[in-house]
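The numbers in full-length UniProt numbering rise by one with no breaks, and the one at position 185 of the sequence shown is 185. The beta carbon of each residue, even a glycine, is placed where N, CA and C say it ideally should be. What follows is a single structure, written as structure tokens, with notes after it.
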Amino acid sequence: MLLARPAASLRRTPPLVKGLFVVRNKSGYVQKTVIPTFHFQKSLTRLPIPSLDDTLNRYLLAVQPVVSANEFDATKRAVEKFRKQDGPELHAALVERDNASPETSYINKWWFDMYVQDRQPLVINVNPQIKIKDDPAPEKNTQNQRAASLIASSVRVFRTLRDRHLEPDIFHTKPNYSKTSAFNTFCKFLPESVSFYGAAALGAYPLDMSQYKNLFHSTRIPGVGQDKLELFPDSKHIVVQYGSAFYKFNVLKDDGTAVADADILAAIDSILKNRPAESAAALGVGLLTTLPRDDWARARTALVQSDTVTLEHTAPESPAAISRTFLHGDGANHWFDKSFQLIVAANGKAS
Numbered sequence: 001m002l003l004a005r006p007a008a009s010l011r012r013t014p015p016l017v018k019g020l021f022v023v024r025n026k027s028g029y030v031q032k033t034v035i036p037t038f039h040f041q042k043s044l045t046r047l048p049i050p051s052l053d054d055t056l057n058r059y060l061l062a063v064q065p066v067v068s069a070n071e072f073d074a075t076k077r078a079v080e081k082f083r084k085q086d087g088p089e090l091h092a093a094l095v096e097r098d099n100a101s102p103e104t105s106y107i108n109k110w111w112f113d114m115y116v117q118d119r120q121p122l123v124i125n126v127n128p129q130i131k132i133k134d135d136p137a138p139e140k141n142t143q144n145q146r147a148a149s150l151i152a153s154s155v156r157v158f159r160t161l162r163d164r165h166l167e168p169d170i171f172h173t174k175p176n177y178s179k180t181s182a183f184n185t186f187c188k189f190l191p192e193s194v195s196f197y198g199a200a201a202l203g204a205y206p207l208d209m210s211q212y213k214n215l216f217h218s219t220r221i222p223g224v225g226q227d228k229l230e231l232f233p234d235s236k237h238i239v240v241q242y243g244s245a246f247y248k249f250n251v252l253k254d255d256g257t258a259v260a261d262a263d264i265l266a267a268i269d270s271i272l273k274n275r276p277a278e279s280a281a282a283l284g285v286g287l288l289t290t291l292p293r294d295d296w297a298r299a300r301t302a303l304v305q306s307d308t309v310t311l312e313h314t315a316p317e318s319p320a321a322i323s324r325t326f327l328h329g330d331g332a333n334h335w336f337d338k339s340f341q342l343i344v345a346a347n348g349k350a351s
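The following block contains the structure:
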């Protein structure tokens, strides 16, 4: 890895990062929740298994609009045959599988395996892109300011999650009752074993947050036949990819607090100013992550183990160009195995 050197001139990032709507407070956290982040996890209700008849009837309703009358008649005959013959035995096996895994849902492992066993390239087939709103202040939409602001904001979100100050995800059906300080205090003092039911009684339904642990410090590692997801909880750095070059610098101090925003900006400035001349034109190792998964597994010799930021050389303006740049670009200047990757174009547009 190439280490970014501090730039001589520093320009501090503003307290308000409007591109992510993240506001800095004195603690360095995005939020200071009253209800602990994972307070509801132990009492979440399990996903129920629908009855066999319900599943088959809903299947027929979904199929009917997209097939011809003759095809639908054939489908109905096949469904009725399944309902009377193999269906009950398979449904019983599904219920047995569900009873054997009381800590999760019957579909969880199958759903996860569906992704890690898929041998298609991740680019386009799996990985989405989300365009981040431009900063309303034009002077803040330069590539260095935008990248530094998004990195600093991401670090604040990470620290808020790590230290369990992030508000739990809750679906509020009666916000007048549940989006109140009284509700928060009530739920805070409920035992974790029953906290979900207390919230639900007031029309607030906590959502599963188990996937949050995979948002930061994680990467997908290719394997022949099946990939795996690995976490690196002690990592304190991020990696910035610029052309074919990779740069690494710390965003957390040894005590777990965030480095100064100005230091992040200095590192980005250093990368932009000191990139090797051949970097932009050289083929990047990121292209390997676009391969079919088994091919990439065989080719892989090293993998970035930190959060990744990509600095694009292009400056897309039209919606189509922006989508192309952030979804796949030229393939070389992305790392598709990362669970969390910020992409900042030369004109400050970001994803």
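query = First and last residue of the alpha helix (DSSP H) that includes residue 162?
reply = Reading the sequence shown from its first residue, position 162 is the one you call residue 162. It spans 143–162 - the alpha helix (DSSP H) in which residue 162 sits, taken as one unbroken run.
Pairwise C-alpha distance: residue 106 and residue 201
Within the sequence shown, the letter at position 201 stands for residue 201. Within the sequence shown, the letter at position 106 stands for residue 106. Near 26 Å, if we compare the C-alpha coordinates of residue 106 and residue 201.
Discussion item. Excluding the 5 residues flanking residue 58 on each side, which residues of the same chain have their C-beta closer than 8 Å to its C-beta?
Written reply: If you number the sequence shown from 1, residue 58 lands on position 58. These residues qualify, in order along the chain: 50.
*Is residue 168 near residue 206, with beta carbons less than 7 Å apart?*
Your numbering for residue 168 matches position 168 in the sequence shown. Your numbering for residue 206 matches position 206 in the sequence shown. It is a contact, given that the beta carbons lie within the stated cut-off.
- prompt: Closest to residue 146 by CA distance: which of 262, 100, 102 and 38 is it?
  reply: One-based indexing of the sequence shown puts residue 146 at position 146. Among 262, 100, 102 and 38, the Cα nearest to that of residue 146 is on 262.
For this session: Counting only the same chain and skipping the five closest in sequence on each side, list residues whose C-beta sits under 8 Å from that of residue 118.
Result: Numbered from its first residue, the sequence shown carries residue 118 at position 118. The residues are 125, 126 and 293.
Nearest-angstrom Cα distance between residue 46 and residue 251? Position 46 of the sequence shown, counting from 1, holds the residue named residue 46. Position 251 of the sequence shown, counting from 1, holds the residue named residue 251. Their backbone Cα atoms lie some 38 Å apart in a straight line.
Touching by the beta-carbon criterion (3+ pairs, under 8 Å), the region 207–220 and the region 28–43:
yes
Checklist line | Whole-angstrom distance between residue 226 and residue 42, CA atom to CA atom | finding: Sequence index remark: in the sequence shown, residue 42 carries index 42 (1-based). Sequence index remark: in the sequence shown, residue 226 carries index 226 (1-based). So the alpha carbons of these two residues sit roughly 30 Å apart.
task = Closer than 6 Å by C-beta to residue 174: which residues in its own chain qualify, once you throw out the five before and the five after it? Chain order, please.
result = Counting from 1 along the sequence shown, the entry for residue 174 is found at position 174. Once the five neighbours on either side are set aside, the close Cβ partners of residue 174 are 203.
* Taking just the CA atoms, how far does residue 180 sit from residue 347? -> Locating residue 347 in the sequence shown gives position 347, counting from the first residue. Locating residue 180 in the sequence shown gives position 180, counting from the first residue. Approximately 42 Å, taken between the alpha carbons.
### Query
Rounded to a whole number of angstroms, what is the C-alpha to C-alpha distance between residue 216 and residue 266?
Working through the sequence shown from its first residue, we reach residue 216 at position 216. Working through the sequence shown from its first residue, we reach residue 266 at position 266. Rounded to the nearest angstrom, the two C-alpha atoms are 23 Å apart.
Requested in this report: Assign residue 185 to buried or exposed, taking buried as 16 or more other Cβ atoms, counted over all protein chains shown, within 10 Å of its Cβ.
Outcome: Position 185 of the sequence shown, counted from the start, is the residue given in the question as residue 185. Residue 185 should be labelled exposed.
Item to complete: Helix, strand or coil for residue 221, going by three-state DSSP, please let me know.
Response: Locating residue 221 in the sequence shown gives position 221, counting from the first residue. It is a strand residue.
**Message:** Please classify residue 220 as buried or exposed, where buried requires at least 16 other C-beta atoms within 10 Å of its C-beta.
**Reply:** What you label residue 220 is simply residue 220 of the sequence shown in a count that begins at 1. By the neighbour-count rule (16 or more Cβ atoms within 10 Å), residue 220 is buried.
query: Can you give the Cα-Cα distance for residue 3 and residue 272, rounded to whole angstroms?
result: Stepping through the sequence shown from its first residue, residue 3 is reached at position 3. Stepping through the sequence shown from its first residue, residue 272 is reached at position 272. Low per-residue confidence applies at residue 3: pLDDT is 37, beneath 50, and the placement is therefore not dependable, though the value from the model is reported in the following sentence. Roughly 13 Å separates the two Cα atoms.
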